[in-house]
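> In the numbering used here, the protein residues as written are 489 to 619. Note that CB positions come from ideal geometry on N, CA and C, so glycine has one too. Here the structure is a predicted model, which means the values were calculated and not measured.
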Amino acid sequence: MNEDARRLANFRAHLVPAVLSLANPPWQRDVWLDPATFENLHHIFHVLFDDFCDADEPGPYLGTSLRTQEEVDLMRELGAALNAAADQAPLDSDAEHLAAASWPDVVAVAGRLAHVMVGNDLAELVALHEA
């Protein structure tokens, strides 16, 4: 495996679970609202906007943490949905975000993106196995 492939795998090991958690409301309630857990919405924002992507401008991450233009487009849509929900959460608490009127849009876009990302990763795994 070359260095670019290792980097892509490492970034996706963080990015895909973050997107999956945004698509899973029971996880959000059970984990993010529990102060004893490490993961919370702040962690997810850092993964998506700072550490492994920039959900506002994901284009440069094509080939680094995103595999296809469809993933780039959906990540941009997810960033916009997350920003809209953040605008409705003035105290920036996880509970406020989850109660925001636009939060169902976040969950829906994250679900579509998660489906595409997991499908693309599985296709890559099959291709590696066949090689």
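Taking just the CA atoms, how far does Val507 sit from Ala532?
One-based indexing of the sequence shown puts residue 532 at position 44. One-based indexing of the sequence shown puts residue 507 at position 19. Checking the displayed sequence, the identity of residue 532 turns out to be Ile instead of Ala. Answer to the nearest angstrom: the Cα atoms are 8 Å apart.
> As a quick exercise: from Ala497, Ala524, Asp518 and Ala602, pick the residue whose alpha carbon is nearest that of Val561.
Locating residue 561 in the sequence shown gives position 73, counting from the first residue. The displayed chain sequence assigns Asp, not Val, to residue 561. Checking every option, the nearest Cα to that of Asp561 belongs to Ala602.
> With distances taken between CB atoms, is the gap from Asp582 to Trp520 smaller than 8 Å?
Counting from one through the sequence shown, the residue named residue 582 turns up at place 94. Counting from one through the sequence shown, the residue named residue 520 turns up at place 32. For Asp582 and Trp520, yes; Cβs fall inside 8 Å.
> Kindly indicate which three-state DSSP category Leu536 falls into: helix, strand or coil?
As a first step, residue 536 must be located in the sequence shown, where it is residue number 48. Helix, per DSSP.
> According to DSSP, what are the bridge partners of Leu554?
Counting from one through the sequence shown, the residue named residue 554 turns up at place 66. Leu550, per the DSSP bridge assignment.
> Three or more C-beta pairs closer than 8 Å, one from the stretch 563 to 570 and one from the stretch 536 to 543: is that the case here?
These segments touch.
> Please go through the same chain and pick out, in chain order, the residues whose beta-carbon is closer than 7 Å to the beta-carbon of Ala598, but skip the five residues on each side of it.
To locate residue 598, count along the sequence shown from 1; it is residue 110. The answer, listed in chain order, is Val507, Leu510, Ala511 and Leu566.
> Report back the beta-carbon spacing between Asn498 and Glu559 to the nearest angstrom; my notes put them in contact at under 8 Å.
The residue given as residue 498 occupies position 10 in the sequence shown. The residue given as residue 559 occupies position 71 in the sequence shown. Contact doesn't hold; Cβ gap of about 16 Å is too wide.
> Give me the Cα-Cα distance between Pro578 and Ala589, rounded to the nearest whole angstrom.
The sequence position of residue 578 within the sequence shown is 90, counting from 1. The sequence position of residue 589 within the sequence shown is 101, counting from 1. Distance between the alpha carbons of Pro578 and Ala589 is about 13 Å.
> When burial is assigned at 16 or more other CB atoms within 10 Å of the CB, is Pro592 buried or exposed?
Residue numbering aside, residue 592 sits at position 104 when the sequence shown is read from its first letter. Pro592 should be labelled exposed.
> May I ask you to report which of helix, strand or coil DSSP gives Phe499?
On the sequence shown, position 11 is the one that residue 499 refers to. The answer is helix: DSSP assigns Phe499 an H, G or I state.
> Cα-Cα, which of Ala501, Gly551, Met563 and Trp515 is closest to Glu545?
Locating residue 545 in the sequence shown gives position 57, where the first residue counts as 1. If we check each option's Cα against that of Glu545, Met563 comes out closest.
> With a cut-off of 8 Å on the beta carbons, I'd call Leu610 and Ser553 a contact; round off their distance for me.
Along the sequence shown, one-based indexing puts residue 610 at 122. Along the sequence shown, one-based indexing puts residue 553 at 65. Their Cβ separation, rounded to whole angstroms, is 17 Å, which puts Leu610 and Ser553 out of contact at 8 Å.
> Are there 16 or more other CB atoms within 10 angstroms of the CB of Met489, so buried, or fewer, so exposed?
For this step, residue 489 is matched to residue 1 along the sequence shown. Flag for Met489 reads exposed.
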